[in-house]
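Novice: First the structure, then my questions, so here it is.
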Amino acid sequence: MISEISILCDFDGTLSLRDMVATIALEFAPHTSRPLIEAVQAREISVREGVSEMFRNIPASKYSEVVKFSRERTVLRPGAFAMVDYAMQQGWNFSVVSGGFDFFVRPALLPVASFIRIYCNRLREKKGMLEVVWPYGCDESCDGGCGLCKVSLLRQHQKEGRKILLIGDGVTDVKAARLADYVFARSVLAEILREEGVPFTPYETFHDIIRALSDNASEVHQYVSIQSSC
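Just add 3 to the spot in the sequence shown (first one is 1) and you have the working numbering.
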């Protein structure tokens, strides 16, 4: 069994079916958030700039409503917990690297929280409005603007001597995907990697990923040495 593998998995649109950051912003500040979301998706502005501005337009008095709204609408992608279980069986590290917020990420993952690492953001009040707190910013190796910097976290795992499998779906995963040993991608991330010629395996559920990891003939085995213990 190979233990020197870390899975870095996005949350919004990957572990969860919806992008909860965008869902919240469109519910509580629709007019200002929509153009910001489009600009982030088009990579015209940074994730940090766009998300910070989205939530700066939501009154802090709405915080409890935001929490309730997000928890009620967070639905995990099929096979999410099975994916964590599979990683545990292999002796791999499983880390959630989320540009989302602790108040919906952590409750959704509570059944497996003791077996994984969770990196995410939080909100606080500033001058009567919501402000994003970014605990995991860019280091000197990144060109900045990530918000939660998946490149910096990826490098930390590499320093532990681990190969990196990245699972993602969007623009926030692109920089890390370019540096990972192998990528499982869907939606916008898959389109970008296809354009750039970066190898990846598409997925719709985590059962697809488990099957690929368990199949010695799949492409991932050309890039990462994996010996299944199942």
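Idealized CB from N, CA, C, for every residue including glycine.
Report buried or exposed for Val78, applying the criterion of at least 16 other Cβ atoms within 10 angstroms of its Cβ.
Specialist: exposed
Novice: Given this structure, state the Cα-to-Cα distance separating Lys65 from Glu222, to the nearest angstrom.
Specialist: 47 Å
Novice: Helix or strand or just coil, what does DSSP make of Ala188?
Specialist: strand
Novice: Less than 8 Å separating the beta-carbons of Glu7 and Arg59?
Specialist: no
Novice: Give the straight-line distance between the Cα atoms of Arg158 and Cys149, rounded to the nearest whole angstrom.
Specialist: 14 Å
Novice: Ser73: buried (16+ other C-beta within 10 angstroms of its C-beta) or exposed?
Specialist: In summary, Ser73 is buried, with 16 or more beta-carbon neighbours lying within 10 Å of its beta-carbon over all protein chains present.
Novice: Should Gly16 be labelled buried (16 or more other beta-carbon atoms within 10 Å of its own) or exposed?
Specialist: buried
Novice: Locate the alpha helix (DSSP H) running through Leu29, then write down its first and last residues.
Specialist: Taken as a continuous stretch (DSSP letters only), the alpha helix (DSSP H) holding Leu29 covers Met23 to Phe31.
Novice: Under 8 Å by Cβ, that's how I've got Val69 and Thr175 pegged, so tell me the actual separation to the nearest angstrom.
Specialist: At roughly 20 Å, the Cβ-Cβ gap does not stay under 8 Å, so Val69 and Thr175 are not in contact.
Novice: Helix, strand or coil, according to DSSP, for Glu68 in the structure here?
Specialist: helix
Novice: Is there contact here, the segment 29-36 with the segment 168-184, by at least three beta-carbon pairs under 8 Å?
Specialist: Because the criterion of three Cβ pairs below 8 Å is not met, the segment 29-36 and the segment 168-184 do not touch.
Novice: Pairing CB atoms from the segment 116-124 with CB atoms from the segment 85-103, are three or more of them under 8 Å?
Specialist: yes
Novice: Going by other Cβ atoms of all chains shown within 10 Å of its Cβ, with 16 needed for buried, is Ser117 buried or exposed?
Specialist: Exposed.
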